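Shown next, in structure tokens, is the structure this report addresses.
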Amino acid sequence: MNANELIERYVHEVGQHLPRKMRADIQLELRSLLLDSLEEQSAGSGIEPTTKMTAEMLRAFGKPETIAARYRPEQYLIGPQLFPIYKLVMTVVLVVISVLHVAGLLFMLLRGETAVFGQSAWNWFTGFFQAAVFNAGVVTLIFAAIERTQVINWATEASKESDWDPLSLPPIEDPDRINRFELGFGMIWTAAFLILFNFYPQWIGVATITNGEPGFFPFFAPAFAVHVPWLTLIWTLELMLKSVVLAQGRWTTITRWLELGLVPLTIFVLNRIRTGGEIFTIAGLTTAARLILAVVIVIVVLDGLYLLYKQLRRRPFSLGSRPA
Amino acid sequence: MVENHDKEAAYEKILLELRRGVLVLAVLSQLSTAQYGYSLKQELNEQGLDINEGTLYPLLRRLEAQGLLESDWQVIDDARPRRYYRISSMGATVLANLTQEWFSLGDVINKLLVGGAGGTKE
Numbered sequence: 028m029n030a031n032e033l034i035e036r037y038v039h040e041v042g043q044h045l046p047r048k049m050r051a052d053i054q055l056e057l058r059s060l061l062l063d064s065l066e067e068q069s070a071g072s073g074i075e076p077t078t079k080m081t082a083e084m085l086r087a088f089g090k091p092e093t094i095a096a097r098y099r100p101e102q103y104l105i106g107p108q109l110f111p112i113y114k115l116v117m118t119v120v121l122v123v124i125s126v127l128h129v130a131g132l133l134f135m136l137l138r139g140e141t142a143v144f145g146q147s148a149w150n151w152f153t154g155f156f157q158a159a160v161f162n163a164g165v166v167t168l169i170f171a172a173i174e175r176t177q178v179i180n181w182a183t184e185a186s187k188e189s190d191w192d193p194l195s196l197p198p199i200e201d202p203d204r205i206n207r208f209e210l211g212f213g214m215i216w217t218a219a220f221l222i223l224f225n226f227y228p229q230w231i232g233v234a235t236i237t238n239g240e241p242g243f244f245p246f247f248a249p250a251f252a253v254h255v256p257w258l259t260l261i262w263t264l265e266l267m268l269k270s271v272v273l274a275q276g277r278w279t280t281i282t283r284w285l286e287l288g289l290v291p292l293t294i295f296v297l298n299r300i301r302t303g304g305e306i307f308t309i310a311g312l313t314t315a316a317r318l319i320l321a322v323v324i325v326i327v328v329l330d331g332l333y334l335l336y337k338q339l340r341r342r343p344f345s346l347g348s349r350p351a
Numbered sequence: 014m015v016e017n018h019d020k021e022a023a024y025e026k027i028l029l030e031l032r033r034g035v036l037v038l039a040v041l042s043q044l045s046t047a048q049y050g051y052s053l054k055q056e057l058n059e060q061g062l063d064i065n066e067g068t069l070y071p072l073l074r075r076l077e078a079q080g081l082l083e084s085d086w087q088v089i090d091d092a093r094p095r096r097y098y099r100i101s102s103m104g105a106t107v108l109a110n111l112t113q114e115w116f117s118l119g120d121v122i123n124k125l126l127v128g129g130a131g132g133t134k135e
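Protein sequence lines, in the order shown, are assigned to chains A and B.
To get the numbering used here, take the position in the first sequence, counting from 1, and add 27.
To get the numbering used here, take the position in the second sequence, counting from 1, and add 13.
Structure follows, in structure tokens:
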């Protein structure tokens with residue numbers, strides 16, 4: 028291989044990484060420039076261009092991919108201006124698909140299609156996965172097309188930026204500050220469950236009238252009663268913890284760790300219910316509840332891990348804090 | 014060792030960013046007469062600005078795409094055809110503004126570096 032052939036190979040390789048419409052022109056110029064450079068080096072050293080000399084020159088010039096990238100205009104599948112909207116749309120689409128599929132699953136279970144539950148669950152999962160991947164692909168393609176064709180005029184968008192008002196910025200939220208109303212409301216509900224399950228379990232159900240005789244159809248199966256002491260323990264601990272938080276007016280490091288400590292206990296109790304005896308008086312509902320509890324346990328585990336991660340990375344909140 | 018390599022890479026990146034803006038000014042300043050890529054590189058080298066060819070040639074294309082340069086293919090002295098670049102009228106206006114900005118910025122940066130509290134004044 029002689030010097031010219033090596034240059035041809037290099038020019039060809041750069042061209043492979045360039046858009047077709049600009050390829051020939053850039054290759055023509057690049058060949059001319061490389062030959063200029065090689066001639067100069069050859070004249071400087073007083074010898075005819077060699078393959079080694081050419082290789083050294085090309086190495087200094089740069090890898091073909093790198094050089095081609097410098098010639099190419101910057102390209103994105105989805106650019107930085109469009110990306111936040113893309114992310115929002117993608118989130119909405121995936122949430123809608125998830126909600127629809129969970130609703131479909133519940134409907135299927137309530138209709139009693141549980142005889143071949145394993146098969147149905149697998150069908151449900153593959154259907155959900157296919158729908159999520161397909162719709163995510165469609166959203167990505169649409170946004171890539173918008174990016175490619177520049178349907179949205181960023182010059183107009185940029186002019187809007189000058190209308191932006193800094194005074195419209197939202198206040199910084201203190202993550203440890205509590206909303207007393209929200210916390211109190213949650214505590215009332217917890218207390219209500221505590222009282223209902225312990226003192227008035229006979230109220231949990233539906234009043235019926237059969238042949239003129241008043242009756243009562245309980246929601247929970249008798250076997251569920253063994254879980255009530257455990258639920259009572261969780262709710263009591265939760266009420267005690269939130270009372271402290273309410274009194275202090277904000278979350279502290281200790282109360283955050285105590286909140287985290289409730290997570291393993293909650294997982295234990297939920298799993299006990301899931302794997303225990305009948306939950307509801309209607310068999311189909313118990314099957315559905317077991318599945319939902321499995322999903323809830325996964326969510327609680329993930330939420331617990333996220334809380335732990337946040338707790339470990341946590342720094343005291345200060346409005347006046349500055350990065351080091 | 015890795016840390017040193019990271020520091021070097023970070024420094025190289027900052028240096029590249031610093032030079033990137035300056036290169037445009039340097040290139041525009043030398044193209045009042047038409048030049049082809051290699052001759053421009055030589056001229057910049059002779060005046061003390063060492064620039065990699067792989068950086069310079071794509072830059073010329075970009076400046077042309079932005080309307081700051083004009084170019085055409087020419088054959089001079091029976092040599093091979095070469096693309097010659099020269100500054101456009103828009104490029105000349107931009108060069109004048111950039112030159113003014115450069116001197117003004119240079120004064121400020123000099124003051125900051127030499128006279129600032131955390132500066133390098135000896």
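We put the beta carbon where it would ideally sit given N, CA and C, even for glycine.
Remember, it's a predicted structure, so these values are computed and weren't measured experimentally.
- By the Cβ criterion, the stretch 115-127 of chain A is not in contact with the stretch 60-77 of chain A, since fewer than three pairs of Cβ atoms, one from each stretch, lie closer than 8 Å.
- The beta carbon of B/Glu83 sits no closer than 7 Å to any beta carbon of chain A.
- A straight-line Cα-Cα distance of about 59 Å links B/Leu31 and A/Leu266.
- For A/Thr313, the enclosing alpha helix (DSSP H) covers residues 310-340.
- Residue-level contact by beta carbon holds for B/Gly67 and chain A, with a gap shorter than 7 Å.
- Rounded to whole angstroms, the gap between the alpha carbons of A/Val290 and A/Trp284 is 10 Å.
- Shortest Cα-Cα distance from A/Arg97 to any of A/Met84, A/Thr77, A/Val41, A/Thr81 involves A/Val41.
- In this structure, A/Phe251 sits near A/Ile306, with a CB-CB distance shorter than 7 Å.
- Runs of the alpha helix (DSSP H) lying entirely within the stretch 79-124 of chain B, each at least 4 residues long, are absent.
- For A/Pro256, the enclosing alpha helix (DSSP H) stretches over residues 255-275.
- Beta-bridge analysis with DSSP links A/Ile236 to A/Pro241.
- A Cβ-Cβ contact shorter than 7 Å links B/Glu83 with B/Ser101.
- Cα atoms of B/Leu76 and A/Phe152: separation of roughly 54 Å, rounded to the nearest angstrom.
- The residues Tyr113, Phe170, Ala171, Glu174, in chain order, have a CB closer than 7 Å to that of A/Ile105 in the same chain once the five nearest residues on each side in sequence are set aside.
- In terms of Cβ geometry, A/Leu297 and A/Ile324 form a close pair [threshold 7 Å].
- If you look at B/Thr46, you'll find it isn't in any alpha helix (DSSP H); DSSP assigns it neither H nor E.
- Contacts between A/Tyr103 and chain B, judged by CB atoms closer than 8 Å, are missing: the closest CB pair is about 17 Å apart.
- Taking 8 Å as the upper bound on Cβ-Cβ separation, chain B lies near residues Ala87, Phe88, Gly89, Thr93, Ile94, Arg97, Tyr98, Pro100 of the stretch 87-103 of chain A.
- The shortest CA-to-CA distance from A/Pro228 to any of A/Ser270, A/Val253, A/Gly131, A/Thr235 is the one to A/Val253.
- DSSP places A/Arg204 in the strand class (E or B) of the three-state scheme.
- Among the residues facing chain A, B/Arg33 is not included, as its CB has no counterpart in that chain under 7 Å away.
- In the structure shown, A/Phe246 adopts coil according to DSSP, grouped into three states.
- Taking all protein chains shown into account, B/Arg95 has 16 or more neighbouring C-beta atoms within 10 Å of its C-beta and is therefore buried.
- Under the DSSP assignment, A/His39 falls in the alpha helix (DSSP H) whose first and last residues are 30-43.
- Nearest neighbour of A/Glu286 by Cα position, chosen from A/Phe295, A/Ile261, A/Gly304, turns out to be A/Ile261.
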